[in-house]
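S.K.: Each residue of the sequence shown is one higher than the one before, starting from 1 at the first, in this note's numbering. Just so it is clear, CB atoms sit at the ideal spot from N, CA and C, and this is done for glycine as well.
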Amino acid sequence: MVALAPALLLLAALHCAGAPAEPEENDSRLAKTKPLGKRRKKVPNGTGPDVDTAGTEWTSWFNIDHPGGDGDYETLEAIRFYYQGRVCAQPLALEARTTEWELPRDVGEFVHASPRKGFWCINQEQPEGRTCSNYHVRFLCPLEHAYWSHWSAWSACSRTACGSSGIQTRHRACVNPQPLARPMDSECAGKALERRVCSAGPCAEATWGPWGAWSPCSKTCGSGGKRLRRRSCKKSRTSRCAGRPSEVQKCARTPCPACQLTCAAGKANKDCSGCTCPDHTLLGTVVSAEGSALANARVALQDRPQATLARTDQRGRFRVPGVCAGSAANVTVQLERFSPGAAPVIASGPQTSTVQVTLRRLEKPYMVMHPDSKVRTAGQQVTLCCKASGTPVPRKYYWYHNGTLLDRKVYRYDGRLVLKELQPRHAGAYHCKASSDAGAIKSAIARLTVLGKGQPSCRARPEQSLIRLPGECFPDASGSPYYDVGRCPATRCAGSLAEKRQCRDDKERCCGVRRMELREVRCAGYVLPIKVVAECGCETCAQPKVLVQGRVVAADDGEPLRFGQVFLGQKSIGFTGYQGAFTIEVPPGTRRLVVRFVDPLQKFLDTVKVLPFDSQGSAVYQDVRVMRKKTPMDLDAAQTNALPLGELAGEGPVGELVFPAGAFRRASGEPYNGTVKASVTFLDPRDAATVATASSDLSFVNAEGDMVPLRTYGMFAVDLRARAGGERLQASGVEVRMDAGQVRMPEHLPKMKLWSLNPTTGLWEEEGALRPAPARRGKREERTFLVGNLEIRERRLFNLDVSENRRCFVKVRAYGSEKFSPLEQLQGVVVTLVNLEPRPGYPANPRAWGRFDSAVTGRNGACLPAFCDGQRADAYTAYVTATLGGEELEAAASRPSPDPSTVGVSQPYLSKLGYRRLDHTDPRAKKTAFRVNLAKPNPNNVDEVNGPLYPYRSLRECEEAPVSANHFRFSRAEVDKYEYNVVPFEEGDLTSWTRDYLAWWPNPQEFRACYIKVKVEGPQEYMVRSRNVGGSHPWTQGQLYGLRDARSVKDPELEHSSAACVEFKCSGMLFDHSGMDRTLVSIVPQGSCYRTATNSLLREYLGRHPPAAPNNDTRAFHMLAPVDPLGHNYGIYTVTDQNPRLAKEIAIGRCFHGTSDGFSREMKSEVGTAVTFLCQERPAGRQSLFQRLLEAPAEALTEIRQEMGRSGQP
């Protein structure tokens, strides 16, 4: 009760001070807030009286509403709904500030505040012409644990003698707001008594003498003069005089008899403020960074920027009399949508001077360096950095900790934030915001972990990691096919002291494998070796190369973009290949990969893509589609021309571009009056097939610096050229007219805007709003248009868009098979979600799309942003696909009705979402996509709070959701196969690679996949196993690398013929380059089979590269794996890539096709085979070699080695 007394007194005082009849305690209104009298240690409340903070603490800042509609409402009820448990039951006070960190009274706004109800600002109550700012609030809450009272006053000094030192003390009491709590909970940390040294004062003090007279003024007339006076100090043995011995003062201004300004050329003007050259003329030009003339730019002198001297004409030229080079004049130029520019005047003749000013287009800030997440130990120091580019270059930076703005005066930050003497309270989420006159941008979140002293960064005990054993192996009596091999958690270790001032840690250390143990598992007839993680520790982090690979082809006919330039930002990084293939190594620290593809022949539009990538190192494959330019039309520049936007069959155009007469000009600004070849290419979202060709990811940055999604109504590119010579032309005053009837969401009409794509950042920038066209007199229009104006100066893509704030996240996972085992989740899968327009009658055409997003699955799946609606379940729908290395994955089945255990979503939410795979009504349709309603989850419905849709503010909950939570599923649609490595390795996470002589992949930077094509003649499909052991190196000889099982696939054109593409361990150097090992590979088909043929070229090659493995037993095929990368002529398929999964996918595709450069998913068993087996029903009592290897592998391998030894003797 003692702790709550100040709060009760505060509320009582508020009530007595004239609170309204309605119980709105602490209702704070502008210019009516009064202090309540003296209190100790007060904190200024942003909207109310000062508050005593003894036994209290402030919450973090909250901002749940934006000042649209009636105003800004930060109600306590809503804050508690979104941030449960973050605000105490009875807040004592409330503080509100704008997002620019200003108090309401400083911005002149009338607001209301109540610690029990929250904060609200109503637009109608503001002065005329003003609306409410965007506010965030925080609350003052009583502490629930024991706390110290305020310190008492210092006691008198213990020594009173002159010049001596004594001791002063003060004390404080430990207050327990919960007296019934356990004693251990009521203890306060720290000391109750504090001492300090005191002094009775010096015996004698030094004193200053009187001031002397003022010196004469430094200037005889005018302003800016100064005068000086001095004083002397009477010295003392024990002290010195405090203060300065001299003092400076400005002199009074006195008029001068004449102008004292000296001009190198010309003479002083009338007010003596500058120089002028009466018989001189300044000739200037203003151009863009691309060299195009800029019209209507305002010209002024740099020292008098408000006085307009001239404006540029259509050719970007201007004339200013009276300005010359010798007058030390610099010219400044301003133009809307461009950053101001300046340049010095240069003499060009006896009576003329020239100047050329280049203006750069305004570009919103764009983050080029994000802060890195780091781990530190308490007491260390850490540096977080961010950097933004733009035009003009951002100079202001703001840093936030857990959403709260950090005080610049305390932390003294710019683009670097340095935190010293770290404590646990410093841990959390950090981000920065950079701003300029063009806008603002926020960085990605960086998480700082602060470990206590002595707390380990990496736990030595590994986590559980289960792998599936071969079907004939059972590790224990339970019969489980899984075995725990352990793994080290994917966490970082604390950085070193040497890295305290670095933006990025040079030598990052991660929790990795420190020690492994070899164990054995009993199987049917043999013992299976297996290595498990025994101990984890801090090791140097693996640095895998992050790759994005793919192919660029035309959307209409698949023609590849041959030798197209590839740009990252403004830097050219290479070219596409003859077949349109490309490979991009993602630079370290990249958060958003913006890639631009440029066709040197200009057959295709320049295409900007924001490509997803896997930061763990798994290569991602992208199939990029580009649009072919439309055939140009001839326009008469002297007439008004209208070109339609959109040519969808059965539908009217979305709008039109209107070029007025005389709108065309050359880059120099000279008018062009000839014939114009105009190509307008329109991407129509009413056709769902066009979504793959859309540029960027349809995002823009708002005024707060947040990245916000757009919903498109169409994109278009304009290419204007002179008919003679093909010179690129520009156009001004172009009118964009959009048919309002095509916008079937009425709320979108007033928000419709015209945007252009920044090819460097991949973000859309606003060009202007579209407004209803005024009615024409005497003419009745059948359609209503939205009209906007456009300047076509450079090669950009334009967009008709609106921003949308009804957003959610969708959880998707990918699996290795239709069993959907959590242990078989796939990483590196590209999942794409296309937002389809709602059903007819709600607002739009069901075929149309409005937005698309892609994400790459990690260890815990992927979360994709999407538009959703909480009022109507089918208001928005989505079309979702998934690909892995160019292979389309299958979605979970929905016929005849969706099964919750298959789809991954529980009822009744599944029915509300309306999940349907594409083949739900038509069995002939593809199984590689599903459609679902995007029904925003109801937080009050327990069935809808566990995924697969999450509110937009719950991204972290989506990313960290357990596999048992609701989610949508994809799986690989492939033949049965099984892989076993003695040294476990997750191909989707390259950081899981372990240094070991028995590692299947000896080099984590380069992966070589090897496959052998085995033809099987028989009435069915057969399992074929490859057993891979060390063959030639003494350290690995006879030791198992791993097993591979693959089921043969029937040839669709041949009866009783199938083939299997079986992986084997490639020969090569061991991981430490201590030597080369040729793998001993045994190929054994299951069943009653015998070898009938061996590829002659392969047999000859193996004979030329001894020792040769014995092949006396026709029930199997043995070889020492070739070192050379053989091809389809040998039946061996070898592919090297920086990603293991992609290397295997390419090798399997070639193996199926039977060529060294083809790709197929249909088996061709007659071509490119290495060995052929004939399989038939096995006679009773006869055992196959496959079964023999399963039951007695040691004996079988002994026979093989003996045969090898005999064959090696002369």
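1) Note down, in chain order, each residue of its chain lying with its Cβ closer than 7 Å to the Cβ of VAL513, except the 5 sequence neighbours on either side.
2) Does SER695 pass the burial test, meaning 16 or more other C-beta atoms within 10 Å, or should it be called exposed?
3) Starting from the Cα of PRO588, find the closest Cα among PHE867, GLY349, LYS926 and PRO371 and give me that residue.
4) Bridge partners for GLN334 per DSSP, in chain order?
5) Is HIS1211 helix, strand or coil by DSSP?
6) Given a cut-off of 7 Å, decide if VAL333 and ALA357 are closer than it, judged by their beta-carbon atoms.
7) If you draw a straight line from the alpha carbon of THR1136 to that of ASP996, how long is it in whole angstroms?
8) Counting pairs of beta carbons, one from the region 653-663 and one from the region 623-638, are three or more of them closer than 8 Å?
9) List the endpoints of the continuous beta strand (DSSP E) containing ALA1103.
10) Can at least three beta-carbon pairs, one atom from the region 608-626 and one from the region 873-889, be found at a separation below 8 Å?
11) Examine the Cβ distances between the region 889-903 and the region 858-865 and report whether three or more of them are shorter than 8 Å.
12) Using the three-state DSSP reduction, which class does CYS324 fall into: helix, strand or coil?
13) What are the boundary residues of the alpha helix (DSSP H) that includes PHE1149?
14) Closer than 6 Å by C-beta to PRO321: which residues in its own chain qualify, once you throw out the five before and the five after it? Chain order, please.
15) Nearest by alpha-carbon distance to LYS936: which of VAL111, GLU472 and VAL945 is it?
16) Can you tell me whether LEU889 is helix, strand or coil according to DSSP?
17) Helix, strand or coil: which one does DSSP assign to TYR411?
18) Which full runs of the alpha helix (DSSP H) of 4+ residues lie inside the region 879-926, going along the chain?
19) Using 7 Å as the threshold, is the C-beta distance between LEU601 and MET627 below it?
20) Buried or exposed, going by whether 16 or more other CB atoms sit within 10 Å of the CB of MET715?
21) Can you say whether ASP72 is buried or exposed, counting buried as having 16 or more other CB atoms within 10 angstroms of its CB?
22) Between the C-alpha atoms of GLN565 and PRO759, what's the straight-line distance to the nearest angstrom?
23) Let me make sure I understand the geometry here. Which of ALA342, CYS1089, VAL1062 and TRP1035 has the alpha-carbon closest to that of ASP1072?
24) Mark MET633 as exposed unless 16 or more other C-beta atoms lie within 10 angstroms of its C-beta, in which case mark it buried.
25) For the 8 Å Cβ check, are there 3 or more pairs between the region 548-555 and the region 579-586?
26) Let me know the secondary structure DSSP gives LYS779 once reduced to three states.
27) By Cβ distance below 6 Å, which residues in the same chain neighbour GLY1127 in space, the five residues on each side in sequence not counted?
28) Please report the Cβ distance between CYS1061 and ILE1148, rounded to the nearest whole angstrom; I am assuming they are in contact, meaning their Cβ atoms lie under 8 Å.
29) Compare the Cα-Cα distances from PHE613 to each of ARG711, ASP943 and THR583 and report the closest residue.
30) Between which two residues does the beta strand (DSSP E) containing LEU635 stretch?
31) Could you tell me which residues DSSP puts in a beta bridge with CYS511?
32) Rounded to the nearest angstrom, what separates ALA347 and ALA667 at their Cα positions?
33) I want to know whether the region 348-367 touches the region 398-417 - three or more CB-CB distances under 8 Å.
34) Who are the Cβ neighbours of ASP414 in its own chain at under 7 Å, not counting the five residues just before and after it?
35) What residues in its chain sit with their C-beta under 6 Å from that of ALA342, if we drop five residues either side in the sequence?
36) Which same chain residues end up closer than 8 Å to GLY927 when comparing Cβ atoms and leaving out the 5 residues on each side of it in sequence?
M.R.: In this structure, then:
1) Mapped onto the sequence shown, residue 513 falls at position 513. If we look at VAL513 and ignore the five residues flanking it on each side, its Cβ neighbours are CYS488, VAL533, CYS536 and THR994.
2) The residue given as residue 695 occupies position 695 in the sequence shown. It is buried - the Cβ of SER695 has at least 16 other Cβ atoms within 10 Å.
3) Position 588 of the sequence shown, counting from 1, holds the residue named residue 588. With distances taken between Cα atoms, PRO588 lies closest to PRO371.
4) As a working mapping, residue 334 is identified with position 334 in the sequence shown. Partner(s): ARG298.
5) Because the chain here runs from 1 to 1210, residue 1211 falls outside it and cannot be looked at.
6) On the sequence shown, residue 357 is found 357 positions in, with the first residue counted as 1. On the sequence shown, residue 333 is found 333 positions in, with the first residue counted as 1. Correcting the residue identity first, residue 357 is Val in this sequence and not Ala. Yes, the pair counts as a contact, with Cβ atoms nearer than the cut-off.
7) Locating residue 1136 in the sequence shown gives position 1136, where the first residue counts as 1. Locating residue 996 in the sequence shown gives position 996, where the first residue counts as 1. The alpha-carbon separation between THR1136 and ASP996 amounts to approximately 20 Å.
8) Touching, yes, given that three or more Cβ pairs across the two stretches are closer than 8 Å.
9) For the purposes of this step, residue 1103 is taken as the residue at position 1103 of the sequence shown. It should be noted that the sequence gives Gly, not Ala, for residue 1103. It is not in any beta strand (DSSP E) - GLY1103 instead sits in the alpha helix (DSSP H) that spans 1096-1104.
10) Contact between the region 608-626 and the region 873-889 is present, because at least three Cβ pairs lie under 8 Å.
11) The region 889-903 makes no contact with the region 858-865; the number of CB pairs closer than 8 Å stays below 3.
12) Translated into the one-based positions of the sequence shown, residue 324 becomes position 324. Coil, per DSSP.
13) As a position in the sequence shown, residue 1149 is number 1149, starting the count at 1. For the record, residue 1149 in the displayed sequence is Gly; it is not Phe. Membership of GLY1149 in the alpha helix (DSSP H) is indicated by the continuous run 1140-1153.
14) Counting from one through the sequence shown, the residue named residue 321 turns up at place 321. Here the set comprises THR281.
15) What you label residue 936 is simply residue 936 of the sequence shown in a count that begins at 1. Of VAL111, GLU472 and VAL945, the residue nearest in Cα terms is VAL945.
16) Numbered from 1 along the sequence shown, position 889 holds the residue referred to as residue 889. LEU889 falls in the coil class under three-state DSSP.
17) Position 411 of the sequence shown, counted from the first residue, corresponds to residue 411. DSSP places TYR411 within a helical segment (H, G or I) once states are collapsed to three.
18) The qualifying runs are 900-903 and 909-913.
19) Against the sequence shown, residue 601 aligns to sequence position 601. Against the sequence shown, residue 627 aligns to sequence position 627. In this structure, LEU601 sits away from MET627, with a CB-CB distance that is not shorter than 7 Å.
20) The residue you call residue 715 lines up with position 715 of the sequence shown. Buried, since its Cβ has 16 or more Cβ neighbours within 10 Å.
21) Taking the first residue of the sequence shown as position 1, residue 72 is located at position 72. Buried is the call here.
22) As a working mapping, residue 565 is identified with position 565 in the sequence shown. As a working mapping, residue 759 is identified with position 759 in the sequence shown. Answer to the nearest angstrom: the Cα atoms are 14 Å apart.
23) By one-based count along the sequence shown, residue 1072 stands at place 1072. Among ALA342, CYS1089, VAL1062 and TRP1035, the Cα nearest to that of ASP1072 belongs to TRP1035.
24) In the sequence shown, residue 633 corresponds to position 633, counting from 1. MET633 comes out exposed.
25) They touch, by the three-pair rule.
26) Stepping through the sequence shown from its first residue, residue 779 is reached at position 779. Because the pLDDT of LYS779 is 49, which lies under 50, any placement of that residue in the model is unreliable, and the question is left without a value.
27) Walking along the sequence shown from the start, residue 1127 turns up at place 1127. Closer than 6 Å at Cβ, skipping near neighbours: SER1156.
28) To locate residue 1061, count along the sequence shown from 1; it is residue 1061. To locate residue 1148, count along the sequence shown from 1; it is residue 1148. Beta-carbon to beta-carbon, CYS1061 and ILE1148 are separated by about 5 Å, close enough to satisfy the 8 Å threshold.
29) Locating residue 613 in the sequence shown gives position 613, where the first residue counts as 1. Relative to PHE613, the option among ARG711, ASP943 and THR583 whose CA is nearest is THR583.
30) What you label residue 635 is simply residue 635 of the sequence shown in a count that begins at 1. Per DSSP, LEU635 belongs to the beta strand (DSSP E) from 633-636.
31) The residue given as residue 511 occupies position 511 in the sequence shown. The bridge partners DSSP lists for CYS511 are CYS538.
32) Residue 347 sits at position 347 when you count from the first residue of the sequence shown. Residue 667 sits at position 667 when you count from the first residue of the sequence shown. Taking the straight line from one Cα to the other gives about 26 Å.
33) The region 348-367 makes no contact with the region 398-417, as fewer than three CB pairs between them are under 8 Å.
34) Along the sequence shown, one-based indexing puts residue 414 at 414. Hits under 7 Å: TYR397.
35) Stepping through the sequence shown from its first residue, residue 342 is reached at position 342. Cβ neighbours of ALA342 beyond the five flanking positions: GLN302, ASN330 and THR332.
36) In the sequence shown, the residue the question calls residue 927 occupies position 927. Here residue 927 turns out to be Lys, not Gly, going by the sequence shown. Excluding sequence neighbours, LYS927 sits near GLU890, ALA891, ALA893, ARG917, LEU918, ASP919 and ALA973.
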